[in-house]
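Line by line, the protein sequences are chains A and B.
FYI, the numbering for the first sequence is 1 to 247, going by the working numbering.
FYI, the numbering for the second sequence is 1 to 437, going by the working numbering.
Backbone N, C-alpha and C define an ideal beta-carbon position, used for all residues, glycine too.
Since we're looking at a predicted model, the values are computed, not measured.
Here the structure is laid out as structure tokens; the discussion comes afterwards.
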Amino acid sequence: MSANQSTAAAPIDTPEGFAILAEGLGKVYGQGASRVEALKGIDLTVRPGDFLIIMGPSGSGKTTLLTLLGLVNEPTTGRLVLGGREIYGGVPPDLARMRREEMGFIFQAPNLIPFLTARENVLLPLSLAGVRGEEAQNRVSQLLEYFEIAERAAQYPNQLSGGEQQRVAIARALANNPRIILADEPTASLDTDRALAVVRLLRRISRENAAAVLLVTHDHRLLTEVDEVIEMEDGRIASRKKVDPEA
Amino acid sequence: MNLAFRDVRYHGFKFFSSTLGVSLLIMVVVTIGGIIRGVILDSSTLIEKTGAQLWVVQKTGAHPGVGTFGPFVEISRLPESIYHAISVIPGVAEASPIVAAWEHVPQMPPPTRLMKFMYVNALLNTRSMVKPGWMAMPHVQRFIVVGYEPGRIGGPPDIIAGRGIEASHYEIVADNKTGFHVGQRVRLGNFEYRVVGLTRHMVGFTADPVIYMSLRDAQNYLFQTDPNLLRSEQAVARQHARELAATSPRLIPTVTANEEARLANTLYVNAIAVKLRPGANARAIAAHIRRWEHLAVYTDAQEVNMQLMGSNRLILFQLALFRDILVLIAGLVIGIIIYTFTLDKVHEIAILKLLGARGGVVYRMILQEALFMGVVGTLVGSGLELLSEPYFPRRVVATSGDIAQMLIAMSVVAAAASILAVRRAMRIDPRSVLSTG
């Protein structure tokens, strides 16, 4: 691992410049004796094109943070701004629409829709966003070519290998040109070569599309491939370090 | 992208086998409805096809003051000549003397394989319920003899083969359910008749087929005194004459002639079918006829009702109740199938939610699948029912109205089940797709 600098998030005056801006984000589950404080005052800024890894032991709050940033979970406290839009203050935006049009999700398991072919799985986010016709088909074809799965496009997920499924899942996550890509342990079930290939792919996409990528993982093999590493511990960001690619 | 279509395409066997199950259930429901309609039609066809608005029958019978429920449900017997008097009532277009009675011939048409199967099935199903011998294979053909005055109402309405009755005697037109064929000679009682035509769906409320013959033939066949009884009665009459010889010898020829005329008289009818002129007041004409103290009058609707509400009443109620239960069961089964199909998809629904799918996308997918299953199930089930109708021993008639009713009912059930299921499935937290950490 090559990490040489700690960069705690500074107060932000112009949130429009960030893909993600979180201030004092907290999440509490349960009440009374069963009360669990999963996240405690998270401050986080992510710029377009940033590629970050979130690491930490189980129960440190990585996935909870990802669910808050993915708008499938509501924080108990704090402020969240995505793409310059205030999420929980003022007029609430259409969260499903934001997920549909501005975010891409990659999971530990590919989580493809089993009754759709590889091509249809990639087409799905476009279809949900109302993008149809030639534009949608061309976009899907590009992605399938890009991920070298065009020949397998007519296959159902259960006819694809694990690596192919994961590539289809990534293609699906990128179909709508999302500004934010959230990946939860996407390489957990892959061998080293495939895991590195997936992360390099994500990094390339991040640079080409100026998409912010947050990748939750336990996998230290991936540290050489990212810009920054966020270490989480007990619901807090313990450190945020830039990675030295030369080290 | 139509998700429902793609889901059905992928889960083809599961989906279509479930739909086939639904179809068979619907087939049973539609069949029961068809059996009910068949019983109703059997009870009404003979009356309706006669084309009479009023039926005049014997008044004093088992129910003094009410009138007999003749001629098909209870015995009614009138002198034939009454129809002349009724014919001249203003508003009456035609009054036709009708003879109607149940009879039988001692042979059945050869049973088909299906009939044999049904018989064996009935035996197996009832062997613990009946005494030995009760379920013996029938070897007599029951039928209803309808005698009418050729040229007047009451004859066979639709001839599907051969022709109508033209000769005065010994010609019959039979319903094709009798198994007779045109040209066949049939012995009924003491007379031999030739089948000159066939008709269809002309049965009584007991589903026994009708045999039409001329009024005279029917009177001779049904009312002629048995020759053995005639000889016996003539001996009694001669004995009376001998007894009369001692006191009033001059009355002997008259009394003897009257007695013999009474014994030989066959000029009776069971009812008079009355056709009214357009615009005639049926109620007023019926009141007019009732002034004859020995006559009762029923409208055609009352005649049909007597048959429906007679021996068929309880079986109709029972079948209708059974149909209701089946509709309920079919609805529940379809609802449960759709509900479980939907809950099988909660993971996919969670993925869709995480990808930002609107609730409507999920609702539309499940609703389309449910409606497809309900509609295809109903159409296939109804189709199977229509194909199987000719093989039932009694008339089974399902109409497009019945099928439309089932379509609506099943669509409502499918929609309700899918809405309930999606509401439950939509509670899935999209976070369930993510791992913990």
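Under a CB-based cut-off of 8 Å, is K40(A) close to chain B?
no
Quick check: L71(A) and I20(A), are their CB atoms within less than 8 Å of each other?
No.
Return no unless some Cβ of chain B is closer than 8 Å to the Cβ of F107(A).
It does; some Cβ of chain B falls within 8 Å.
Can you tell me whether DSSP reads G133(A) as helix, strand or coil?
helix
Nearest candidate by alpha-carbon position, reference V274(B), set Q234(B), V99(B), I153(B) and V195(B)
I153(B)
I'd like the list of long-range same chain contacts for E259(B), defined as Cβ closer than 7 Å, with 5 residues on each side in sequence excluded.
A237
Contact between the segment 86-94 of chain B and the segment 278-295 of chain B (3+ Cβ pairs under 8 Å):
yes
Minimum Cβ-Cβ distance from L222(A) to chain B less than 8 Å:
Cβ-Cβ to chain B under 8 Å: no for L222(A).
Since A404(B) is in the alpha helix (DSSP H), which residue starts that stretch and which ends it?
For A404(B), the enclosing alpha helix (DSSP H) covers residues S400 to A425.
Three-state secondary structure (DSSP) at L95(A)?
helix
DSSP three-state call for E185(A): helix, strand or coil?
coil
Local conformation of L174(A) per DSSP, three classes:
helix
Should P430(B) be flagged as near chain A, meaning a C-beta pair shorter than 8 Å?
yes
Using 8 Å as the limit for Cβ to Cβ distance, is N177(A) near chain B?
Residue contact check for N177(A) against chain B: no CB pair falls below 8 Å.
Burial state of F117(B), where buried means 16 or more other Cβ atoms lie within 10 Å:
The residue in question, F117(B), is exposed, as its Cβ has fewer than 16 Cβ neighbours within 10 Å.
Check distances from the C-beta atoms of the segment 345-356 of chain B to those of chain A and list, in chain order, the residues that come in under 7 Å.
Here the close residues are E348, I351, L354, L355 and G356.
Against chain A, which members of the segment 360-375 of chain B pass a CB distance test of less than 8 Å?
V361
If you count every other CB in all the chains shown that lies within 10 Å of the CB of P110(A), and 16 or more means buried, which is it?
buried
Cutoff 6 Å; reference T378(B); Cβ partners in own chain excluding five residues on either side:
I26, M406, L407 and M410
Can you tell which of Y391(B), L367(B) and V375(B) has the C-alpha that lies nearest to the C-alpha of L420(B)?
Out of Y391(B), L367(B) and V375(B), L367(B) has the C-alpha closest to the C-alpha of L420(B).
Should D7(B) be flagged as near chain A, meaning a C-beta pair shorter than 8 Å?
yes
Run through DSSP, which three-state label would E233(A) get?
strand
Check whether the Cβ of P97(B) sits closer than 7 Å to any heavy atom of the ligand MN, and report yes or no.
Of the ligands one can find in the structure shown there are none, so the ligand MN has no counterpart to examine.
P125(A): contacting residues in chain B (beta-carbon distance under 7 Å):
L355
Residue(s) in a DSSP beta bridge with Q58(B)
L295(B)
Between the segment 83-90 of chain A and the segment 9-18 of chain B, can you find at least three pairs of beta-carbon atoms closer than 8 Å?
no
Identify the contact partners of M426(B) in chain A, using a Cβ-Cβ distance below 8 Å as the criterion.
By Cβ distance, chain A contributes nothing, its closest Cβ being about 12 Å from M426(B), past 8 Å.
Counted within 10 angstroms of its Cβ, other Cβ atoms place E348(B) as buried (16 or more) or exposed
buried
Taking I86(B) and F322(B) to be in contact with their CB atoms under 8 Å, please state how far apart those CB atoms are, rounded to whole angstroms.
So it is not a contact: roughly 43 Å between Cβ atoms.
Verify the CB distance criterion: does R358(B) have a CB-CB separation below 8 Å to chain A?
Closer than 8 Å to some Cβ of chain A, the Cβ of R358(B) qualifies, so yes.
Evaluate contact between the segment 43-56 of chain A and the segment 203-219 of chain A, counting only Cβ atoms and requiring at least three cross-stretch pairs below 8 Å.
yes
Applying a beta-carbon distance threshold of less than 7 Å, which residues of chain B neighbour E120(A)?
Chain B residues near E120(A): M1 and R6.
Give me the Cα-Cα distance between M108(B) and V333(B), rounded to the nearest whole angstrom.
42 Å
Output yes if chain B places a C-beta closer than 8 Å to the C-beta of M1(A); else output no.
Here the model assigns M1(A) a pLDDT of 34, short of 50, so the residue's position is not dependable, and the following value carries that caveat. Using beta-carbon distances, M1(A) does not count as an interface residue toward chain B, since no partner is under 8 Å.
Quick one, are the C-beta atoms of D42(B) and V173(B) less than 8 Å apart?
no
Could you pull the DSSP bridge partners for Q141(B) from this structure?
V105(B)
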